[in-house]
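Colleague: Heads up: the sequence shown at position 221 corresponds to 221 in full-length UniProt numbering, and the numbers run straight through without jumps. Just so you know, even glycine gets a beta-carbon here, dropped at the ideal spot from N, CA and C.
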Amino acid sequence: MTKLHLKRTPAEEAERARRKARKAARRAHKSHTVSDDHDSDSRHGSSDRKRRRTPVNVDDDDSDVSYGPPPPEPSSSAHKPDYDEIRAQVEEERFREKMWGAYGDDERLDSVEARFNDYAHVPHRWRAGGTYDGYPNNEPATDPKFMDDDEYAEWIREGMWRKTHAHEFEEQARKESERVARRARDAELKAETKRLEKAAEEARRRKKRDKDRRKNREYRLEYDRRWKVLLEGNESLVFEDIPWPSFSVRLPAESKSRASAVISVEGLTAQEISAFLIPVSTTAALAREVGVGLPPDERERKERKEKLRETMLRFHPDKFEGRILSRVREKDKVIVKEAAEEVARVLTTLMGG
């Protein structure tokens, strides 16, 4: 049967140390005695006087425990062991072993404390499946070591709830993911719709600008053609028969009735006359739309000057009265004269500028 080894008490440990010290002293004493006898036999040269060396029975610790301490050896004045010194050495070694063990325990506890003070000690099974920046979805991105007791308890309860209600939590997370994806798709669709609407609006504006530019160019050509016919003819005239340099004072198309024309002197303003006589180039028009003003180049300045001079020759009071006003019917002479004088004043201002 295997012998049971019980844990020794401090008193037993001290007694065991004393026994070890006595055995060590006894072995040293016996060894010294045998060496003295051997030297004596060598000196007399007698082999039969050799003393038979008694074997030393070194008992183990269990024999000491079983049979108790051995009887004390007779004192020797030459080799008397110092038990106090031996006991002090044994206790010093035991103290150093305990200190090294305590130092290792402190290091191990420090590493465990540092690991448990970190957020990494939270088991992964308490966390949600998806993570963002190391934190689970729907979980506050807060380190537990910065929480108070109530917050930490609530945080643990939430984690345990997620563990015990994994299916519900996964379903909730799935719905949240679908909602986020749907919002992203809606936002993308809204942005794309807005972009398409903006592009369509820009296309409509560009189409309208092209249409207006084409109509204005055609009306300017019609304006010059009517002046040529007017100067070559000799028939009586009314206010609507005179081509005025304004888009607001124009006749409808040939197929429409002349009575449907909207003609008035209020349309003969400086802005209207300038826009009619001095067309803006495409580059300048685009720059004006974005709020940038480009100075006219030399060619544009020359064309502007020639166009204003040509129009002034047509509406100069002396020339206009002799060639045109004399042919106007009596009921329209006043309004025709007033309109011609207004055009002449605007032309004078534009030519001076």
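Roughly how many whole angstroms lie between the Cα atoms of residue 151 and residue 159?
Modeller: The residue you call residue 151 lines up with position 151 of the sequence shown. The residue you call residue 159 lines up with position 159 of the sequence shown. Cα to Cα, residue 151 sits roughly 12 Å from residue 159.
Colleague: Give every residue of the same chain whose Cβ lies closer than 7 Å to the Cβ of residue 311, excluding the five residues on either side of it in the sequence, and list them in chain order.
Modeller: As a working mapping, residue 311 is identified with position 311 in the sequence shown. The residues are 245, 277 and 347.
Colleague: Tell me which same chain residues have a C-beta within less than 8 Å of the C-beta of residue 228, skipping the five on either side of it?
Modeller: Taking the sequence shown and counting its residues from 1, one reaches residue 228 at position 228. Around residue 228: no qualifying Cβ.
Colleague: Given this structure, state the Cα-to-Cα distance separating residue 209 from residue 172, to the nearest angstrom.
Modeller: In the sequence shown, the residue the question calls residue 209 occupies position 209. In the sequence shown, the residue the question calls residue 172 occupies position 172. Answer to the nearest angstrom: the Cα atoms are 55 Å apart.
Colleague: Over what stretch of residues does the alpha helix (DSSP H) that includes residue 273 continue unbroken?
Modeller: Reading the sequence shown from its first residue, position 273 is the one you call residue 273. Note, residue 273: alpha helix (DSSP H), 270–277.
Colleague: By a C-beta neighbour count over all protein chains shown, 10 Å radius and 16 as the cutoff for buried, is residue 340 buried or exposed?
Modeller: For the purposes of this step, residue 340 is identified with residue 340 of the sequence shown, where counting begins at 1. By the 10 Å Cβ count, residue 340 comes out buried.
Colleague: Would you kindly work out how many angstroms separate the C-alpha atoms of residue 265 and residue 315, rounded to a whole number?
Modeller: Here residue 265 refers to the residue found at position 265 of the sequence shown. Here residue 315 refers to the residue found at position 315 of the sequence shown. Rounded to whole angstroms, residue 265 to residue 315 spans 14 Å at the Cα level.
Colleague: Check residue 346 in the structure and name its three-state DSSP category.
Modeller: For the purposes of this step, residue 346 is taken as the residue at position 346 of the sequence shown. Correct three-state label for residue 346: helix.
Colleague: For the region 188–222, list the alpha helix (DSSP H) runs that are entirely contained and at least 4 residues long, ordered along the chain.
Modeller: Counting only runs of 4 or more, we get nothing.
Colleague: Give me the Cβ distance between residue 323 and residue 238, rounded to the nearest whole Å; I'm assuming they're in contact under 8 Å.
Modeller: Residue mapping note: residue 323 aligns to position 323 of the sequence shown, counting from 1. Residue mapping note: residue 238 aligns to position 238 of the sequence shown, counting from 1. With 8 Å as the limit, residue 323 and residue 238 do not qualify as a contact, their Cβ atoms being about 16 Å apart.
Colleague: If we count the other Cβ atoms within 10 Å of its Cβ and call it buried at 16 or more, is residue 241 buried or exposed?
Modeller: Residue 241 sits at position 241 when you count from the first residue of the sequence shown. When all chains shown are included, residue 241 counts as buried.
Colleague: Can you check which of these residues, 15, 300, 12 and 81, is closest to residue 30 by C-alpha distance?
Modeller: Start at 1 with the first residue of the sequence shown, and residue 30 comes out as number 30. Taking only the C-alpha atoms, the option nearest residue 30 is 81.
Colleague: Per the contact definition of three or more C-beta pairs closer than 8 Å, is the region 209–228 in contact with the region 185–195?
Modeller: Too few Cβ pairs lie closer than 8 Å, so no.
Colleague: Counting C-beta neighbours from all protein chains within 10 Å, is the total for residue 101 16 or more, i.e. buried, or is it exposed?
Modeller: For the purposes of this step, residue 101 is taken as the residue at position 101 of the sequence shown. It counts as exposed.
Colleague: So for residue 328, helix, strand or coil by DSSP?
Modeller: Looking up residue 328 in the sequence shown gives position 328. Note: residue 328 maps to strand in three-state DSSP.
Colleague: Any idea if residue 21 is buried or exposed, counting beta-carbon neighbours within 10 angstroms, 16 or more meaning buried?
Modeller: Taking the sequence shown and counting its residues from 1, the one referred to as residue 21 is at position 21. Label assigned to residue 21: buried.
Colleague: Can you give me the start and stop residues for the alpha helix (DSSP H) that residue 155 sits inside?
Modeller: For the purposes of this step, residue 155 is taken as residue 155 along the sequence shown, with counting starting at 1. Run containing residue 155: 149–164, per the alpha helix (DSSP H) assignment.
Colleague: Enumerate in chain order the residues of its own chain whose CB-to-CB distance from residue 335 is below 7 Å, with the five nearest sequence positions on each side excluded.
Modeller: Here residue 335 refers to the residue found at position 335 of the sequence shown. Around residue 335: 239 and 265.
Colleague: DSSP puts residue 237 in a beta bridge; with which residues?
Modeller: Counting from 1 along the sequence shown, the entry for residue 237 is found at position 237. Answer is 328.
Colleague: Let me confirm a value: residue 162 is counted as buried when at least 16 other C-beta atoms fall within 10 Å, else exposed. Which label applies?
Modeller: The residue you call residue 162 lines up with position 162 of the sequence shown. With 16 or more Cβ atoms within 10 Å of its Cβ, residue 162 is classed as buried.
Colleague: What is the DSSP secondary structure of residue 334, counted as helix, strand or coil?
Modeller: Walking along the sequence shown from the start, residue 334 turns up at place 334. Here residue 334 sits in helix by DSSP.
Colleague: Do residue 268 and residue 343 have their CB atoms nearer than 8 Å?
Modeller: Position 268 of the sequence shown, counted from the first residue, corresponds to residue 268. Position 343 of the sequence shown, counted from the first residue, corresponds to residue 343. Yes.
Colleague: Quick one: using the 10 Å Cβ neighbour count with 16 as the cut-off for buried, is residue 317 buried or exposed?
Modeller: Within the sequence shown, the letter at position 317 stands for residue 317. Exposed, since its Cβ has fewer than 16 Cβ neighbours within 10 Å.
Colleague: Using only the alpha-carbon positions, how far apart do residue 345 and residue 279 sit?
Modeller: Residue numbering aside, residue 345 sits at position 345 when the sequence shown is read from its first letter. Residue numbering aside, residue 279 sits at position 279 when the sequence shown is read from its first letter. Whole-angstrom Cα-Cα distance: 20 Å.
Colleague: Is the Cβ-Cβ distance between residue 87 and residue 17 less than 8 Å?
Modeller: For the purposes of this step, residue 87 is taken as the residue at position 87 of the sequence shown. For the purposes of this step, residue 17 is taken as the residue at position 17 of the sequence shown. Yes, the Cβ-Cβ distance between residue 87 and residue 17 is below 8 Å.
Colleague: Measure the CB-CB distance between residue 350 and residue 248 and report whether it falls below 8 Å.
Modeller: Numbered from 1 along the sequence shown, position 350 holds the residue referred to as residue 350. Numbered from 1 along the sequence shown, position 248 holds the residue referred to as residue 248. No. Outside cutoff.
Colleague: Can you tell me the Cα-Cα spacing of residue 304 and residue 192, whole angstroms?
Modeller: Position 304 of the sequence shown, counting from 1, holds the residue named residue 304. Position 192 of the sequence shown, counting from 1, holds the residue named residue 192. C-alpha separation (whole angstroms): 45 Å.
Colleague: For a quick check, are the C-beta atoms of residue 409 and residue 307 less than 8 Å apart?
Modeller: Lying outside 1 to 353, the shown extent of the chain, residue 409 is not represented and no answer is given.
Colleague: What did DSSP end up calling residue 8 once you bin it into helix, strand or coil?
Modeller: Against the sequence shown, residue 8 aligns to sequence position 8. Reduced to three states, the DSSP call for residue 8 is coil.
Colleague: By Cβ distance, which residues of its chain are closer than 8 Å to residue 325, with the 5 residues on each side in sequence left out?
Modeller: Start at 1 with the first residue of the sequence shown, and residue 325 comes out as number 325. For residue 325, where only same-chain residues beyond five positions count, the Cβ hits under 8 Å are 333, 336, 337 and 340.
Colleague: Which residue comes first and which comes last in the alpha helix (DSSP H) that contains residue 305?
Modeller: Counting from one through the sequence shown, the residue named residue 305 turns up at place 305. Run containing residue 305: 298–315, per the alpha helix (DSSP H) assignment.
Colleague: Buried or exposed: residue 83, going by 16 or more other Cβ atoms within 10 Å of its Cβ?
Modeller: Against the sequence shown, residue 83 aligns to sequence position 83. Result: exposed.
Colleague: Per DSSP, what kind of secondary structure is residue 84 in: helix, strand or coil?
Modeller: What you label residue 84 is simply residue 84 of the sequence shown in a count that begins at 1. Note: residue 84 maps to helix in three-state DSSP.
Colleague: Quick one: Cα of residue 91 to Cα of residue 143, how far?
Modeller: Locating residue 91 in the sequence shown gives position 91, counting from the first residue. Locating residue 143 in the sequence shown gives position 143, counting from the first residue. Distance between the alpha carbons of residue 91 and residue 143: 48 Å.
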